[in-house]
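Colleague:
Residue numbers (our numbering): 2 to 186.
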């Protein structure tokens, strides 16, 4: 029920936003923006790496060939450690004499501003690199890059292979903008 109410609220906000963009505000009123925090759908990460057939309730019986079960378990086991291509943001890249200290400084400055985002400091002879985030697609990386560039102006997106972290509800809300009428001041 809660998800239905939230979905309806988001649809109403979107409709009002579209209407606000096309409609002139009545006399004495102006269009204003407000932030709306929309909960992100829950992901059950407790099932990660487990066979779905083993966690089914007792009253559910699956009748299938044992070869299918073995194949599914084999595939799940292989995928758990498989690296895939994704995106990260490089905030530091240098090979000067002070690169070691500068890369540590960049790493600590980033972690202080973004405590929940993973950050990696590597040495790839002769370069020190600081790369942040584990983004599954480029649009996620681009959204993060806009924020990061405010305090690391030379940051850029790189494509890297890594194990994707489990989907968690660490970002429990998505921020959206809602347009509404308010009296002129």
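C-beta atoms are modelled at their ideal positions from N, C-alpha and C, and glycine is treated no differently.
Tell me the DSSP secondary structure of residue 21 in three-state form.
Modeller: Confidence at residue 21 is low in this model, with a pLDDT of 48, below 50, so its placement is unreliable and no value can be given for it.
Colleague: Can you give me the C-alpha to C-alpha distance between residue 125 and residue 118, rounded to a whole angstrom?
Modeller: Looking at the two C-alpha atoms, the distance is approximately 22 Å.
Colleague: The beta strand (DSSP E) with residue 134 in it runs from where to where?
Modeller: Where residue 134 is concerned, the enclosing beta strand (DSSP E) stretches over 128-136.
Colleague: Quick one: grab the DSSP three-state call for residue 87.
Modeller: DSSP places residue 87 in strand when its eight states are reduced to three.
Colleague: State buried or exposed for residue 130, treating a residue as buried only when at least 16 other CB atoms are found within 10 Å of its CB.
Modeller: Label assigned to residue 130: buried.
Colleague: Pairing CB atoms from the region 90-99 with CB atoms from the region 141-158, are three or more of them under 8 Å?
Modeller: Contact between the region 90-99 and the region 141-158 is present, because at least three Cβ pairs lie under 8 Å.
Colleague: State the CB to CB distance for the pair residue 108 and residue 98, rounded to an integer number of angstroms; the pair is presumed to be in contact (CB under 8 Å).
Modeller: At roughly 18 Å, the Cβ-Cβ gap does not stay under 8 Å, so residue 108 and residue 98 are not in contact.
Colleague: For residue 181, is the classification buried or exposed, using 16 other Cβ atoms within 10 angstroms of its Cβ as the cut-off for buried?
Modeller: Its Cβ having fewer than 16 others within 10 Å, residue 181 is exposed.
Colleague: Is it right to say residue 195 is buried, meaning 16 or more other beta carbons lie within 10 angstroms of its own, or is it exposed?
Modeller: Residue 195 lies beyond the stretch modelled for the chain, which goes from 2 to 186, so this question has no answer here.
Colleague: Using the DSSP secondary-structure output, state which residues sit across from residue 158 in a beta bridge.
Modeller: Answer is 90.
Colleague: With a threshold of 6 Å on Cβ separation, who are the neighbours of residue 83 within its own chain once the five nearest residues in sequence on each side are excluded?
Modeller: Closer than 6 Å at Cβ, skipping near neighbours: no residue.
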